[in-house]
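See structure below.
Residue numbers (the working numbering): 2 to 212.
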């Protein structure tokens with residue numbers, strides 16, 4: 002009697018990420034391995050994958066000879082989504098398909114950052130007599146943030162800071178937040194316009210005569 006082949010799934014995945022027009026493009030390389038071809042090395046291998054254990058998608062079938070690893074790279078995956086997958090195989094000349102255990106992976110998420118001046122996305126205008134601005138920011142899926150433009154320094158991934166402006170001009174406050182593992186970063190900019198001081202007001206008063 003022909004011995005049925007055995008195979009396993011390697012849990013490790015290779016992720017590739019690319020930020021295109023603000024959208025995170027994710028790829029993942031699935032790995033499987035035939036550990037025992039059952040005595041017949043002529044095999045067909047593939048992967049099933051999807052967002053549930055019902056899978057729903059199948060990779061193209063590949064021919065494989067004997068024991069060893071096989072891979073397939075998925076591209077165009079949705080960001081921030083958990084996928085189920087499993088490796089499958091059958092003998093080329095027999096109808097004896099089988100699949101390995103279910104595994105999951107979650108694709109990376111795009112960094113989100115929101116910077117506001119006095120609660121507004123800007124631009125905002127301040128009078129010279131009221132020239133203190135409150136910058137507040139929040140982010141998602143970021144590990145650290147960096148300020149640039151008319152402010153500087155490392156910032157937490159969320160917080161607030163008050164800045165007193167000096168010279169009348171248009172100020173640009175930029176905040177860039179980054180995810181260490183994916184290398185993906187995103188920036189937000191807010192503009193603050195500080196007006197020139199108002200013209201001094203003067204009146205002419207009565208004369209004081211001295212004799």
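Note that the Cβ used here is the ideal one computed from N, Cα and C, for glycine as well. In this text, all values refer to a predicted model and were calculated from it rather than measured experimentally.
Backbone CA spacing between residue i and residue j [nearest angstrom]
{"i": "residue 122", "j": "residue 158", "result": "18 angstroms"}
{"i": "residue 134", "j": "residue 188", "result": "20 angstroms"}
{"i": "residue 124", "j": "residue 193", "result": "6 angstroms"}
{"i": "residue 211", "j": "residue 167", "result": "44 angstroms"}
{"i": "residue 56", "j": "residue 186", "result": "31 angstroms"}
{"i": "residue 169", "j": "residue 52", "result": "54 angstroms"}
{"i": "residue 195", "j": "residue 151", "result": "13 angstroms"}
Buried versus exposed call for residue i [16 or more other C-beta atoms within 10 Å across all chains shown]
{"i": "residue 93", "result": "exposed"}
{"i": "residue 177", "result": "buried"}
{"i": "residue 204", "result": "exposed"}
{"i": "residue 118", "result": "buried"}
{"i": "residue 65", "result": "buried"}
{"i": "residue 165", "result": "exposed"}
{"i": "residue 50", "result": "buried"}
{"i": "residue 101", "result": "buried"}
{"i": "residue 74", "result": "exposed"}
{"i": "residue 29", "result": "buried"}
Whole-number beta carbon distance between residue j and residue i, since they are thought to touch under 8 angstroms
{"i": "residue 116", "j": "residue 191", "result": "5 angstroms"}
{"i": "residue 48", "j": "residue 89", "result": "7 angstroms"}
{"i": "residue 38", "j": "residue 77", "result": "Wrong, their Cβ atoms sit about 32 angstroms apart, outside the cutoff."}
Cβ-Cβ distance between residue i and residue j below 8 angstroms
{"i": "residue 107", "j": "residue 83", "result": "yes"}
{"i": "residue 171", "j": "residue 129", "result": "no"}
{"i": "residue 180", "j": "residue 143", "result": "yes"}
{"i": "residue 32", "j": "residue 70", "result": "yes"}
{"i": "residue 87", "j": "residue 104", "result": "yes"}
{"i": "residue 140", "j": "residue 163", "result": "no"}
{"i": "residue 136", "j": "residue 111", "result": "no"}
{"i": "residue 36", "j": "residue 109", "result": "no"}
Residue i Cβ short of 7 angstroms to the ligand NAD heavy atom set
{"i": "residue 131", "result": "The ligand NAD is absent from the structure shown, which contains no ligand whatsoever."}
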